[in-house]
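This report concerns only the one structure given below.
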Amino acid sequence: MAIPVEDRQRILAIAREVRKHVRKKSGTYCPPTGLCGEASLALSVRLTRAGIPHVIWGGEWRGPAEILEKEGDLSHAWIEFPQYDDAVLDVTADQFTAHPGVRAILFPAPRYWYNRMEHFDADEIFMEARRQGVYQPEEKAIIPLAGPRFRRPVQ
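In this text, residue positions in the sequence shown follow my numbering: the first is 2, and each later residue adds one.
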């Protein structure tokens, strides 16, 4: 199913906001190495607040890869939208490569660049963090979980 223009614009607005925080954390000229999980969680919280169904996936990056801190470390996290034929949203793919086809925000990204391994649930992640005593309040999160723009549209 094609992604409606309005939904695509809303998803990209959320992605740009999260990417802005990823860039602040990683540095302007540095790849966002290791921030894919935090970015995917921040995206998930904002997409949920905006009423946009999605799934967080963890797995392996299979796209172009020449920027790696550790040889062979291709673990990755991203967002998929089941209602749009599992379209992939990735705001940290550039941690692996400087390839011109890999932009800061990929949406929809080529599906074959992603190998699904584990589905994540944001609520379960927060509950487990609280249980282990490592939960950070929203104001101390690596990437802010809230964004003022991303509420459900008025019907």
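Glycine residues also receive a C-beta, built at the ideal position from the N, C-alpha and C atoms. Predicted model, so just to flag it, every value in this text is computed and none were measured.
Limits of the alpha helix (DSSP H) - the one that residue i falls within
i          : result
glycine 59 : Premise fails: glycine 59 lies in the beta strand (DSSP E), 56 to 62, not in any alpha helix (DSSP H).
valine 92  : Unbroken run through valine 92: none, as it is neither H nor E.
alanine 43 : 37 to 50
Separation of residue j from residue i, as counted between CA atoms
i                : j             : result
glutamate 125    : isoleucine 57 : 12 Å
phenylalanine 97 : glycine 52    : 31 Å
glutamate 67     : glycine 35    : 15 Å
Residues bridged to residue i [DSSP beta-bridge criterion]
i             : result
arginine 20   : In DSSP, arginine 20 forms no bridge with anything.
tyrosine 115  : Trp62
isoleucine 80 : Ile57 and Leu90
Residue j beta carbon less than 8 Å from that of residue i
i                 : j             : result
proline 111       : glutamine 84  : no
valine 89         : valine 19     : no
glycine 60        : glutamate 119 : yes
glycine 38        : alanine 94    : no
leucine 42        : alanine 123   : yes
phenylalanine 108 : leucine 13    : yes
alanine 40        : valine 23     : yes
arginine 47       : isoleucine 80 : no
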